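Chains as they are written, first to last, in this note's numbering: chain A, 1 to 85; chain B, 86 to 546.
#1: Across which residues does DSSP place residue 289 of chain B in a beta bridge pair?
#2: Going along chain B, which residues have a C-beta under 8 Å from residue 21 of chain A?
#3: So, is the C-beta of residue 121 of chain B closer than 7 Å to a C-beta in chain A?
#4: Can you tell me whether residue 176 of chain B is buried or exposed, with buried defined as 16 or more other CB within 10 angstroms of its CB?
#5: Using the beta-carbon of each residue, which ones in chain B are nearer than 7 Å to residue 50 of chain A?
#6: With 7 Å as the threshold, decide whether the Cβ of residue 494 of chain B is near any Cβ in chain A.
#7: Apart from the five residues on each side of it in sequence, which residues of its chain come closer than 7 Å, Cβ to Cβ, to residue 364 of chain B?
#8: Hey, how far is the Cα of residue 214 of chain B from the Cα of residue 510 of chain B?
#9: Out of curiosity, what's the CA-to-CA distance linking residue 127 of chain B and residue 246 of chain B?
#10: Assuming residue 272 of chain B and residue 372 of chain B form a contact by the criterion Cβ under 8 Å, report the distance between their Cβ atoms to the nearest whole angstrom.
#11: Closer than 6 Å by C-beta to residue 262 of chain B: which residues in its own chain qualify, once you throw out the five before and the five after it? Chain order, please.
#12: In the DSSP assignment, find the alpha helix (DSSP H) that holds residue 209 of chain B and state where it starts and stops.
#13: Give me the Cα-Cα distance between residue 480 of chain B and residue 334 of chain B, rounded to the nearest whole angstrom.
#14: What in chain B is Cβ-close to residue 38 of chain A, meaning under 8 Å?
#15: So, is residue 326 of chain B buried or exposed, given that buried needs 16 or more other C-beta atoms within 10 angstroms?
#16: Can you list the residues of chain B that residue 6 of chain A reaches, using a CB-CB cut of under 8 Å?
#17: Can you list, in chain order, the residues of its chain with a C-beta nearer than 6 Å to that of residue 125 of chain B? Leave out the 5 residues immediately preceding and following it.
#18: What residue from A:39, A:22, A:6, A:69 has the CA that sits closest to residue 57 of chain A's CA?
#19: Expressed to the nearest angstrom, what Euclidean distance is found between the alpha-carbon atoms of residue 369 of chain B and residue 60 of chain A?
#20: Do residue 400 of chain B and residue 328 of chain B have their C-beta atoms closer together than 7 Å?
#21: Just checking, does the segment 195-212 of chain B make contact with the segment 502-516 of chain B on the three C-beta pairs under 8 Å criterion?
#22: Going by DSSP in three states, residue 453 of chain B sits in which element: helix, strand or coil?
#23: Give the secondary structure of residue 138 of chain B by DSSP, where H, G and I count as helix, E and B as strand, and everything else as coil.
#24: Rounding to the nearest angstrom, what Cα-Cα distance links residue 54 of chain A and residue 36 of chain A in this structure?
#25: In chain B, which residues lie with their C-beta within 9 Å of the C-beta of residue 53 of chain A?
#26: Under a three-way DSSP split, which group does residue 275 of chain B fall into?
#27: Strictly below 8 Å CB to CB, what residues from chain A border residue 237 of chain B?
#28: Below 7 Å between beta carbons: does that hold for residue 266 of chain B and residue 412 of chain B?
#29: Could you confirm whether any beta carbon from chain B is found closer than 7 Å to the beta carbon of residue 11 of chain A?
#30: Are any of the Cβ atoms in chain A nearer than 7 Å to that of residue 212 of chain B?
#31: With DSSP collapsed to three states, give me the class of residue 306 of chain B.
#32: Counting only Cβ pairs nearer than 8 Å, list the residues of chain B close to residue 44 of chain A.
#33: I want to see whether chain A comes within less than 7 Å of residue 346 of chain B, judged by CB atoms only; does it?
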């Protein structure tokens, strides 16, 4: 994360994600790909109910992923007291 | 109390969701890894399909003998008369013809004239065959023998011979191929006493094994040389897009096409084998039981349908075989967790419109009529009910084939992942069965929409 302080200098903060977050992110990504492929293939196979369920799952999972990302980004932003003067 | 119950429910829901998600991802990754080895080599199986020494179902007793050869086509007329009296068969045929004419006239989806004739056209090759003659000749049709080409009979190791025969069969159109040892108990005693094509009674034709050099076909006897110790078992995939419109003429077209492909594949393969300098007998549904040979050859497992289910195409296959004296390496039976899945699933039995399939939890030795060959363990079906329903719908049925959770199109990766996970973790069978229903699989597709699709060449994806 890059932030500019009052003196006009930049502070670059790098935080290492814990390993389990990478695992979760990979599982999330694979699941998204799998569901998306199933949704598209089910439409081709005329399995419309399966396709609908998969599309809903793709969207819900995408929104959930985005929300988690956003929340983590906010919680990681350094507060005013920790900024260098 | 109420809150704790809600928490428990939520926890169970999250657990189930987590289990499904984890199964999907693990299964997909596993399937991908398992398929890497199989890619580009149709003879290599995916890693989740295990080979075993004995078939998973089909345990036999001393009562197991060669089948009479009289299948439902031969038995139905006499059973109908026995059960419902003289004239019942003729009355049924007349009302069936009238109903069909009405459906064709009103252009009922799945039974319009193009639908009906699509199926009739697909039957052409199969209906022009007769065991022992023409395409299904037991001796050379037109191919040059090695002697005519001024060379010797082709020889190689049994493994190489098996590999070449399987590759040739794949080229001719086989979906799955395996080599099984000849088992005389699987060969019918006689050809059906009622000609399947003309539907007229004929004099019995005995099928016998003798120490002869070449197969012999006469009016009263079909002689298989005892030296024919190898059977090439073949599964021809059916068009799932058509099958999903069953029970209609469109669904029947999938069966018709499967049979006609079978006739083409076995006749071509028999000629290929003869061209190498050996004897070969091509057979579709005639002469012997295809299912036990296919099981021994590792093509699939026996299912609740009392039919073969393959890991690749489910039960949506037509089986055929070639008997030969060409020495080849035998394959072994396979186990992909089907019998355990069938015990819990029962979807085919629920979907069967004529209630012909067994709801028993476990397979047994109890047969349901003269169409079943006794002495082996299976989920036996009531073929009379099944065949009677065919008369009502004026076509073959196929609903059981289409409803099986193993019958899936080749498009979605998830299907392969589910099959792989069910194979390695039978505890997931119930979840997958429930999901198959929840996702709406196995229901009839709109017959009216088929003609607007762009079908794959020869119905094969």
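Glycine included, every Cβ here is placed at the ideal spot set by N, Cα and C. For clarity, every value in this text was computed on a predicted model and none was experimentally measured.
For this structure:
#1: Residue 289 of chain B has no beta-bridge partner at all, per DSSP.
#2: None at all; the shortest Cβ gap to chain B is about 16 Å.
#3: Caution applies to residue 121 of chain B, whose pLDDT of 44 falls short of 50 and renders its modelled position unreliable; the value that the coordinates give is listed next. It does not; no Cβ of chain A falls within 7 Å.
#4: Counting Cβ neighbours within 10 Å, residue 176 of chain B comes out exposed, since fewer than 16 surround it.
#5: In chain order: 524, 525, 526.
#6: Yes, its Cβ sits closer than 7 Å to a Cβ of chain A.
#7: If the five residues before and after residue 364 of chain B are omitted, its C-beta is found closer than 7 Å to the C-beta atoms of 299, 300, 310, 313, 409, 410, all from its own chain and listed in chain order.
#8: Each residue's CA atom was taken as its position, placing residue 214 of chain B and residue 510 of chain B some 44 Å apart.
#9: Since pLDDT at residue 127 of chain B reaches only 47, below the 50 mark, its modelled position is unreliable, and the value read off the structure follows with that caveat. About 16 Å.
#10: Under the criterion of beta carbons closer than 8 Å, residue 272 of chain B and residue 372 of chain B qualify as touching, at roughly 7 Å.
#11: Cβ neighbours of residue 262 of chain B beyond the five flanking positions: 251, 254, 319.
#12: That run of the alpha helix (DSSP H) goes 198-212.
#13: Distance between the alpha carbons of residue 480 of chain B and residue 334 of chain B: 6 Å.
#14: Within 8 Å of the CB of residue 38 of chain A, the CB atoms of chain B belong to 497, 498, 499, in sequence order along the chain.
#15: Burial of residue 326 of chain B is indicated by the presence of at least 16 other C-beta atoms within 10 angstroms of its C-beta.
#16: None at all; the shortest Cβ gap to chain B is about 46 Å.
#17: Since pLDDT at residue 125 of chain B reaches only 36, below the 50 mark, its modelled position is unreliable, and the value read off the structure follows with that caveat. For residue 125 of chain B, where only same-chain residues beyond five positions count, there are no Cβ hits under 6 Å.
#18: If we check each option's Cα against that of residue 57 of chain A, A:39 comes out closest.
#19: Rounded to the nearest angstrom, the two C-alpha atoms are 50 Å apart.
#20: No.
#21: They do not touch, by the three-pair rule.
#22: Coil, per DSSP.
#23: Note: residue 138 of chain B maps to coil in three-state DSSP.
#24: Between the alpha carbons of residue 54 of chain A and residue 36 of chain A lies a gap of roughly 7 Å.
#25: Here the neighbours are 523, 524, 525.
#26: Residue 275 of chain B carries a strand assignment under DSSP once its states are collapsed to helix, strand and coil.
#27: Within 8 Å Cβ-Cβ: nothing; residue 237 of chain B doesn't reach chain A, min ~50 Å.
#28: Contact flag unset, no.
#29: It does not: the Cβ of residue 11 of chain A has no partner Cβ on chain B nearer than 7 Å.
#30: Chain A places no beta carbon closer than 7 Å to that of residue 212 of chain B, leaving this residue out of the contacts.
#31: Strand, per DSSP.
#32: Per Cβ cutoff of 8 Å: 494, 496.
#33: Under the Cβ criterion of 7 Å, residue 346 of chain B is not counted among the residues facing chain A.
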